[in-house]
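Trainee: Residue numbers (the numbering used here), protein chains in the order written: chain W, 13 to 227; chain S, 13 to 227; chain A, 13 to 227; chain L, 13 to 227.
Please find one structure pasted underneath; my questions will follow.
Number of protein chains: 4
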Amino acid sequence: MTEEKNIFKQLFDQEETLTDKQQKIVEAAIEMFAEKGYASTSTSQIAKKAGVAEGTIFRHYKTKKDLLLSIVSPTMAKLIAPFVIRDLNKVLDAKYDRYEDFLKAMILNRQEFLKENMTAFKILIQEIPFHPELKEQFKEHIAEKVIEKFVRLVDHYKEKGQIIDLPSYTVVRFSATSIFGLLLVRYLFLPEADWDDEKEIDMTVQMIVNGIGKG
Amino acid sequence: MTEEKNIFKQLFDQEETLTDKQQKIVEAAIEMFAEKGYASTSTSQIAKKAGVAEGTIFRHYKTKKDLLLSIVSPTMAKLIAPFVIRDLNKVLDAKYDRYEDFLKAMILNRQEFLKENMTAFKILIQEIPFHPELKEQFKEHIAEKVIEKFVRLVDHYKEKGQIIDLPSYTVVRFSATSIFGLLLVRYLFLPEADWDDEKEIDMTVQMIVNGIGKG
Amino acid sequence: MTEEKNIFKQLFDQEETLTDKQQKIVEAAIEMFAEKGYASTSTSQIAKKAGVAEGTIFRHYKTKKDLLLSIVSPTMAKLIAPFVIRDLNKVLDAKYDRYEDFLKAMILNRQEFLKENMTAFKILIQEIPFHPELKEQFKEHIAEKVIEKFVRLVDHYKEKGQIIDLPSYTVVRFSATSIFGLLLVRYLFLPEADWDDEKEIDMTVQMIVNGIGKG
Amino acid sequence: MTEEKNIFKQLFDQEETLTDKQQKIVEAAIEMFAEKGYASTSTSQIAKKAGVAEGTIFRHYKTKKDLLLSIVSPTMAKLIAPFVIRDLNKVLDAKYDRYEDFLKAMILNRQEFLKENMTAFKILIQEIPFHPELKEQFKEHIAEKVIEKFVRLVDHYKEKGQIIDLPSYTVVRFSATSIFGLLLVRYLFLPEADWDDEKEIDMTVQMIVNGIGKG
DNA sequence: AATGAATGAGTGTTCATTCAT
DNA sequence: GATGAATGAACACTCATTCAT
């Protein structure tokens, strides 16, 4: 999994350059966008919460939407980062014999990421419907590249005889919605409930694999 | 399923009383709220699209939020209507021997509803995060009543020996997210794709049942 | 004082023709105009309070301002009625030998009227500053006719040797503001206080007469 | 009277801090509120008259009512300032042997103030009936403190044998309405008439003192 | 880099008035 | 005569953005 770390660094370490005030602006914006939505959060509220002057926001971000994108675009990029590495199959081959193991590893990895970026992720999914640029990014990167990669991956495990003969796209959809269903319920709908994460993930992987696996 | 139809009628046919202009206002609002979001849609835009004066909106709805709720609350109510009938288990007993059959019937039924109320449903899920009243309604009705009913239902099929020994709540979550995953992908993410709905549903049911069923 | 009664009837008994609804509208308007002011009272609020439809108001009064004037103009007319009778001096001669007696009679008479028309009177003095028509009426009738009559009246008692040698206009101003001062404090500022009206009037008349009288 | 001047300065010279635009806004507001009334003056009209953008008004005053109060509250405070100094009696004792002298000094002093603040004072008395906060301030400061002080003052001159044996409250009312009657007629009703202020004041004081004085 | 006063278009809402029923 | 749905101009107020300091 060190490869992914590298990719992260490679792609996103520009954020180290944020000034102190900028950092506060971004934090305030994340908190408020998540809570009230982008459209219902005013720049003056963000400025007040961040403890800076209104003008300061526009010194760093040309427009309010720029501020949103500066939060949401990197989040989307990081979210899908594990899938955009070259030769993903090779990595998987070397590491995970079984679809089951791959699934579990991936869930754990993405869970780790979501746990730390929950608020930004919440903004991402809340705002995608309202911003064509975000929809575009989403389509281009997720709906096309990630899904395609995931499909090839399912084909890979199919060839190994681990997955039953359903259309790969359907298997991907089922796997993906099961995983995201778990993570959304866990972190968005009922974050305060008392979860045994390890066990819940295991059961979910078991159900998915039972669902699509060859006995 | 005639019982449900009756309940629908019983509960929601007050909407026949909408005046002509009111109807146009609601239609325009649904379209625009879904597209740009509640907060980014102005009442003047709605009025223009509906072909009425702006004041007319406020003659029928005290506030803009009232207009939103008049769209979204009934949608939520109708969405969960099948689950709030008394003696759901009896109905199921009489009709569906197998969890599989129940699942399929339910998906088909809810799919029918969603197909006709897609736009309002889209607004519902988009706006829930931003409106405490909606969150409250959602929690009270879905998170509590519907899930509880669903859990009892899973218990019911467990007793019949059809479902493996996993926590009922986990089974419900898995079933529900699989179903909603299907419907969301089908109707929200990729509505324009060429779907063989019947087949896709069958496959999904099969995967769920494989996932949680006893051999 | 029967002459005045006649004048009242003569001038203002058109109000008997008010329909039931119209009566309610006027009552509601008087109450609300007095409390919140003309500009801050909406016709819809008046309609609601009167229990009629908004349109009904405009059936009886072409505009909102018409409604105001229908309340305020007659009130002003009635207020000054005692002064517009012809041959006022003759009446006074016949009845009041002393300025003192005249003053007391007049205060008692106007007090009676104000007690019964307090609310409309309140509207009158509150709205005069904002409506040129009212200002005009006020100037034309009060500032010109009534004052002129009052001045002649003071001249009359001066000739009788009852009033010291100050400009009549000054004496009128002093008398009038003393009287209105009493009535305003009594009925507008501190209506709830415990007043011995008879005594207060007597003392006030005494002070005025001392102030301007010849020992 | 230098003591009062000091108090004025002390209490109200914070207004020097008004920015240029703010000053213009206040001036425009004063002019328009006086002419058309608070409720009938729109913020856009004020902005236009002041030569600023409408938003600028709300940068300095949270609400339209705030703007009103920023004009009217200090005016009320300044108006009653001479009465709130400690040891008013001592001051009077040292300076004015006779009630007559005190009255004249006070009228001259308040006349000076009113002459310079006529418009704001007009707003004050016009708007008091419509704004509970103002009524409250008025009651608390004028109806209670100032009147009470005035009553004690009359008692003071009574003890000196200068005032006849009428209830002090009645004497105060009579004095006050005579004075305000003069000033209102002079500056509000007939400001354009040709007045000999000095003489008018002298005559008024004479009438009051005759009215309540011991021969 | 940071400020915050200033902007003016735009917001949701209210208004007096009209008119078909 | 009475209604109340409909109007659109006007309202108080907010907004993202600019710019002189």
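Note that the Cβ used here is the ideal one computed from N, Cα and C, for glycine as well.
Can you find a C-beta in chain L that's less than 9 angstroms from the C-beta of residue 221(A)?
Mentor: yes
Trainee: How far does the alpha helix (DSSP H) with residue 131(W) in it reach, from first residue to last?
Mentor: 111-139
Trainee: Looking at the unbroken alpha helix (DSSP H) that takes in residue 186(A), where does it start and where does it end?
Mentor: 180-196
Trainee: If residue 225(L) and residue 174(L) are in contact, beta carbons under 8 angstroms, what's the gap, nearest whole angstrom?
Mentor: 6 angstroms
Trainee: On a CA-only basis, which of 219(W), 214(W), 124(W), 160(W) is nearest residue 189(S)? Give me that one, please.
Mentor: 219(W)
Trainee: Can you give me the Cβ contacts of residue 41(A) inside the same chain, cut-off strictly under 8 angstroms, excluding the 5 residues immediately before and after it?
Mentor: 53, 58, 62, 79, 80, 83
Trainee: Name the chain A residues that come within less than 8 angstroms of residue 197(L), Cβ to Cβ?
Mentor: 185, 189
Trainee: Note down, in chain order, all residues in the stretch 144-164 of chain W with a beta-carbon under 8 angstroms from any beta-carbon belonging to chain S.
Mentor: 155
Trainee: Between which residues of its own chain and residue 183(W) is the CB-CB distance below 7 angstroms, once the five residues before and five after are set aside?
Mentor: Only 166, 175, 224 meet the Cβ criterion.
Trainee: Taking C-beta pairs closer than 7 angstroms, name the residues in chain L that residue 48(A) reaches, listed in chain order.
Mentor: 142
Trainee: Run the CB neighbour count on residue 102(S), radius 10 Å, all protein chains shown included, and call it buried at 16 or more, exposed below.
Mentor: exposed
Trainee: Would the C-beta of residue 215(L) count as close to the ligand HEM, meaning under 8 angstroms from any of its heavy atoms?
Mentor: This structure does not include the ligand HEM; it has no bound ligands of any sort.
Trainee: Between which residues of its own chain and residue 130(L) is the CB-CB distance below 6 angstroms, once the five residues before and five after are set aside?
Mentor: Cβ within range, chain order: 199.
Trainee: According to DSSP, is residue 16(L) part of a helix, a strand, or is it coil?
Mentor: Because residue 16(L) carries a pLDDT of 46, less than 50, the predicted location of this residue cannot be relied on, and no value is offered for it.
Trainee: Can you give the Cα-Cα distance for residue 13(L) and residue 117(L), rounded to whole angstroms?
Mentor: Bear in mind that the predicted position of residue 13(L) carries a pLDDT of just 42, short of 50, making it unreliable; the figure below should be weighed with that in mind. Computed Cα separation, rounded: 9 angstroms.
Trainee: Using 10 angstroms around the beta-carbon of residue 35(S), count the other beta-carbons present and answer buried if the total reaches 16, otherwise exposed.
Mentor: Residue 35(S) counts as exposed, since fewer than 16 other C-beta atoms from the protein chains shown sit within 10 angstroms of its C-beta.
Trainee: Compare the Cα-Cα distances from residue 201(S) to each of 111(W), 39(W), 105(W), 155(W) and report the closest residue.
Mentor: Ranking 111(W), 39(W), 105(W), 155(W) by Cα distance to residue 201(S) puts 155(W) first.
Trainee: Under 9 angstroms, Cβ to Cβ, is there at least one residue of chain L near residue 41(A)?
Mentor: no
Trainee: May I have the straight-line CA-CA distance separating residue 146(L) from residue 46(L), to the nearest angstrom?
Mentor: 16 angstroms
Trainee: Since residue 173(L) sits in a beta bridge, which residues does DSSP pair it with?
Mentor: Residue 173(L) pairs with nothing; no bridge assigned.
Trainee: How about residue 55(S) and residue 33(S): are their beta carbons less than 9 angstroms apart?
Mentor: The answer is no: Cβ separation not under 9 angstroms.
Trainee: Hey, would you say residue 30(A) sits closer than 9 angstroms to residue 91(A), going by beta carbons?
Mentor: no
Trainee: Does the CB of residue 192(L) have a neighbour CB from chain A at under 9 angstroms?
Mentor: yes
Trainee: If we ignore side chains and look at the alpha-carbon of each, how far apart do residue 221(L) and residue 212(L) end up?
Mentor: For residue 221(L) and residue 212(L), the gap between their C-alpha atoms comes out near 14 angstroms.
Trainee: Beta carbon of residue 140(L), beta carbon of residue 194(L): below 9 angstroms?
Mentor: Against a cut-off of 9 angstroms, the Cβ pair of residue 194(L) and residue 140(L) comes out as no contact.
Trainee: If you drop the 5 nearest sequence neighbours on each side, which residues of the same chain put their C-beta closer than 7 angstroms to that of residue 149(S)?
Mentor: 85, 88, listed in sequence order.
Trainee: Taking 9 angstroms as the CB-CB limit, is residue 178(S) close to chain W?
Mentor: It does: the Cβ of residue 178(S) has a partner Cβ on chain W nearer than 9 angstroms.
Trainee: Nearest chain W C-beta to residue 202(S) closer than 9 angstroms, yes or no?
Mentor: Chain W contact via Cβ: present.
Trainee: Exposed or buried, which one is residue 94(W) when buried takes at least 16 other CB atoms within 10 Å?
Mentor: buried
Trainee: When you compare the CB of residue 55(A) with every CB in chain L, is at least one pair closer than 9 angstroms?
Mentor: no
Trainee: Return no unless some Cβ of chain A is closer than 9 angstroms to the Cβ of residue 128(L).
Mentor: no
Trainee: In angstroms, rounded to a whole number, what distance separates the CA positions of residue 65(A) and residue 50(A)?
Mentor: Taking the straight line joining both Cα atoms gives about 19 angstroms.
Trainee: Residues in its own chain within less than 6 angstroms of residue 162(W) by CB, not counting five upstream and five downstream?
Mentor: 184
Trainee: Quick one, which residues of the stretch 62-81 of chain S are near chain W if we go by CB-CB under 8 angstroms, in chain order?
Mentor: none
Trainee: Hey, residue 180(S) and residue 172(S) are a contact pair by Cβ (cut 8 angstroms); roughly how many whole angstroms apart?
Mentor: Cβ atoms of residue 180(S) and residue 172(S) stay farther apart than 8 angstroms, at about 13 angstroms.
Trainee: From the DSSP output, in three-state form, read off residue 63(W) for me.
Mentor: Reduced to three states, the DSSP call for residue 63(W) is coil.
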